[in-house]
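One structure below.
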Amino acid sequence: HEAEAHRTDLMTITRYVLNEQSRHPESRGDFSILLSHIVLGCKFVCSSVNKAGLAKLIGLAGETNVQGEEQKKLDVLSNEVFVKALISSGRTCILVSEEDEEATFVDPPLRGRYCVVFDPLDGSSNIDCGVSIGTIFGVYMVKDKDDVTLDEVLQPGKNMLAAGYCMYGSSCTLVLSTGSGVNGFTLDPSLGEFILTHPDIKIPKKGKIYSVNEGNAKNWDGPTTKYVEKCKFPNDGASPKSLRYIGSMVADVHRTLLYGGIFLYPADKKSPNGKLRVLYEVFPMSFLMEQAGGQAFTGKQRALDLVPTKIHQRSPIFLGSYDEVEEIKALMEQNL
Ligand code: AHM
Ligand code: MG
Numbered sequence: 002h003e004a005e006a007h008r009t010d011l012m013t014i015t016r017y018v019l020n021e022q023s024r025h026p027e028s029r030g031d032f033s034i035l036l037s038h039i040v041l042g043c044k045f046v047c048s049s050v051n052k053a054g055l056a057k058l059i060g061l062a063g064e065t066n067v068q069g070e071e072q073k074k075l076d077v078l079s080n081e082v083f084v085k086a087l088i089s090s091g092r093t094c095i096l097v098s099e100e101d102e103e104a105t106f107v108d109p110p111l112r113g114r115y116c117v118v119f120d121p122l123d124g125s126s127n128i129d130c131g132v133s134i135g136t137i138f139g140v141y142m143v144k145d146k147d148d149v150t151l152d153e154v155l156q157p158g159k160n161m162l163a164a165g166y167c168m169y170g171s172s173c174t175l176v177l178s179t180g181s182g183v184n185g186f187t188l189d190p191s192l193g194e195f196i197l198t199h200p201d202i203k204i205p206k207k208g209k210i211y212s213v214n215e216g217n218a219k220n221w222d223g224p225t226t227k228y229v230e231k232c233k234f235p236n237d238g239a240s241p242k243s244l245r246y247i248g249s250m251v252a253d254v255h256r257t258l259l260y261g262g263i264f265l266y267p268a269d270k271k272s273p274n275g276k277l278r279v280l281y282e283v284f285p286m287s288f289l290m291e292q293a294g295g296q297a298f299t300g301k302q303r304a305l306d307l308v309p310t311k312i313h314q315r316s317p318i319f320l321g322s323y324d325e326v327e328e329i330k331a332l333m334e335q336n337l
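Take 2 as the starting number for the sequence shown in the working numbering and just add one per residue.
Pasting the structure below:
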């Protein structure tokens, strides 16, 4: 009977968030409204990604983004859709997007209390070959929407109210945490609804997979080198780990969350701060990892304790199963 109930009693993401909200009587439904606009952006990007090859949407837009990287048309499009959806929700005051050099301050009449930091389409090197890409987002709240400064988004990740990502893969999956666990929703294309398919995701305590761009190994520091060496040549009788690396953070983190293991983008001699951006890559993923029972570490501290000073700041990151991150922490400490 339970199987039947599952088929006919659909827990949509909207229903889920409204249920959550009813537990907080002071809530005015603003978060559900914000989320419905984020979900709209994800559905649009999903549909564009699926049509990209056909619609010739793929290709260079002839612009470069803040980091000087070539922008693909899909990146530009996704960014525009998210910015417009977020502003029109009437619930946001500051937006930080990977694609925009400056933060966007929403005009006072449309202002709400949420700040959203996001990477509208992450994994750009995978767009043209049809490999999974994704959107990453994090949400902060301001005290007074009439008096906001950039400091509101230069807060440690532990102050986020919610974080999530949407993966455009073999299916479209949205993973969300509002600070009480992690849930995964899969888009049913015929309904146009995200349905709860992965309730209360917990990352396995240990993992058999490591995920890193080993092409950078020549420039790694001692502890990172030691850790990866140990993944391949364990000296404690354990089996060697498998290597999986997609090069799309969303896909690599999603697999890590479901199967366990570790994902790392460490510092190296060429990039002392690693590659990934604190606000809209490192923080949301670290938030989800902790909420799922894993850990996230920068090489120096708990990732969510980091206080960013610039909106596009980068940080090294090691995240995943509790025990794997414990190991890298120990190696980093030994090195001090
Ligand atoms: P992007 O924002 O230009 O897409 O870069 C971010 C991506 C992440 O999704 C991924 O984890 C990483 O870059 C891969 O980098 P590399 O190609 O150096 O391994
Ligand atoms: Mg990115």
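In this text, a Cβ means the ideal position worked out from N, Cα and C, and glycines have one as well. No experiment lies behind these values; they were computed from the predicted model shown.
- Of the other Cβ atoms in all chains shown, fewer than 16 fall within 10 Å of the Cβ of residue 25; this residue is therefore exposed.
- If you look at residue 333, you'll find it in the alpha helix (DSSP H) that goes 323 to 336.
- With 16 or more other Cβ atoms inside 10 Å of its own Cβ, residue 135 counts as buried.
- Within 8 Å of the C-beta of residue 42 there is not a single heavy atom belonging to the ligand MG.
- Distance from the CA of residue 310 to the CA of residue 280, rounded to the nearest whole angstrom, comes to 10 Å.
- Every residue with a CB closer than 5 Å to a heavy atom of the ligand AHM is listed here in chain order: 123, 124, 125, 214, 248, 249 and 250.
- For residue 194, the enclosing beta strand (DSSP E) begins and ends at 194 to 199.
- Residue 336 and residue 267 have their C-alpha atoms roughly 15 Å apart.
- According to DSSP, residue pairing for residue 189 in a beta bridge involves 194.
- Distances from the CB of residue 256 to the heavy atoms of the ligand MG are all 8 Å or more.
- Remark: the C-beta of residue 129 is outside contact range of the ligand MG, defined as less than 8 Å to any heavy atom.
- Counting only the Cα atoms, residue 253 lies some 21 Å from residue 314.
- Three or more beta-carbon pairs drawn from the segment 134 to 151 and the segment 166 to 174 are found closer than 8 Å, and the two stretches are therefore classed as touching.
- For residue 312, the shortest separation between its Cβ and any heavy atom of the ligand MG does not lie below 8 Å.
- Distance between residue 323 and residue 150, taken at the CA atoms: about 36 Å.
- Around the CB of residue 130, fewer than 16 other CB atoms lie within 10 Å, so the residue is classed as exposed.
- Proximity to residue 159 across 186, 328 and 292 peaks at 292, based on C-alpha coordinates.
- A direct Cα-to-Cα measurement between residue 261 and residue 116 gives close to 31 Å.
- In this structure, the CA atom of residue 48 is about 12 Å from the CA atom of residue 54.
- For residue 137, the enclosing beta strand (DSSP E) stretches over residues 134 to 142.
- When secondary structure is reduced to three states using DSSP, residue 224 falls in the helix class.
- About 18 Å separates the beta carbon of residue 204 from that of residue 244, a gap too long to meet the 8 Å contact definition.
- Among the bridge pairs identified by DSSP, residue 281 is matched with none.
- Contact annotation, residue 105 with residue 35: C-beta distance approximately 15 Å; criterion of less than 8 Å not satisfied.
- Counting only runs of 3 or more residues that sit fully inside the segment 248 to 307, the beta strand (DSSP E) segments are 263 to 266 and 296 to 298, in chain order.
- Remark: C-beta atoms of residue 210 and residue 278 do not approach each other more closely than 9 Å.
- For residue 83, the enclosing alpha helix (DSSP H) stretches over residues 74 to 89.
- With 16 or more other CB atoms across the displayed protein chains lying within 10 angstroms of its CB, residue 269 is buried.
- Taking 8 Å as the cut-off, one finds at least one heavy atom of the ligand MG near enough to the beta carbon of residue 120.
- Contact annotation: residue 198 and residue 182 have beta-carbon atoms that are not nearer than 9 Å.
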